[in-house]
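Q: Those letters in the sequence shown? Residues 44 to 154, per our numbering, in order.
Ideal placement from N, C-alpha and C gives every residue a C-beta, glycine not left out.
Before anything else, here's the structure in question.
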Amino acid sequence: MRSRRHDETRLLRAILRTFGARPGLRLFRNSVGMVRLPGGGAIPYGLCPGSADLVGWRTLPSGVAQFVALEVKTSSGHLAPAQRAFLLAVVQAGGLAAVVRSLDDVERLLR
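Quick look at the structure:
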């Protein structure tokens, strides 16, 4: 049986393959975590806790770039409070942000 994380990774890769070459759209994988150093201490990576799996921009007809944040989830995946807060902050600032569970979700969002 596959894990939910594995299924989310497969969908994330499919989104990048399908939409990665679309004119006016740039998406980047945003991994978030912490690397433990052998001598102690840690180095954080990624935008911030709760930030979306895919981030980037799309160019609007006016020529202005709009920030895009896509949180990739399986059909049964749930948002953590920090993920919900990040998506809401993006939308409130004028960006495009959503939970996506399929390629069709991404297509509908980008229309």
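Whether or not the stretch 130 to 148 and the stretch 90 to 109 are in contact is what I'm after, with contact meaning three or more pairs of Cβ atoms, one per stretch, closer than 8 Å; do they touch?
A: yes
Q: Looking at the secondary structure, which residues open and close the alpha helix (DSSP H) in which R53 lies?
A: Here the question's residue 53 lines up with position 10 in the sequence shown. Segment 47 to 62, the alpha helix (DSSP H) holding R53.
Q: Under 8 Å, with one C-beta from each stretch per pair, do the stretch 92 to 99 and the stretch 66 to 81 reach the 3-pair mark?
A: Flag = yes, the stretch 92 to 99 and the stretch 66 to 81 touch.
Q: In three-state terms, what does DSSP make of V98?
A: The residue you call residue 98 lines up with position 55 of the sequence shown. Residue state, collapsed to three classes: strand.
Q: Give me, in chain order, the residues of the same chain whose beta-carbon lies closer than 6 Å to that of A141; leave out the 5 immediate sequence neighbours on both sides.
A: The residue labelled residue 141 in the question sits at position 98 within the sequence shown. Counting only Cβ-Cβ distances below 6 Å, and skipping sequence neighbours, we find L152.
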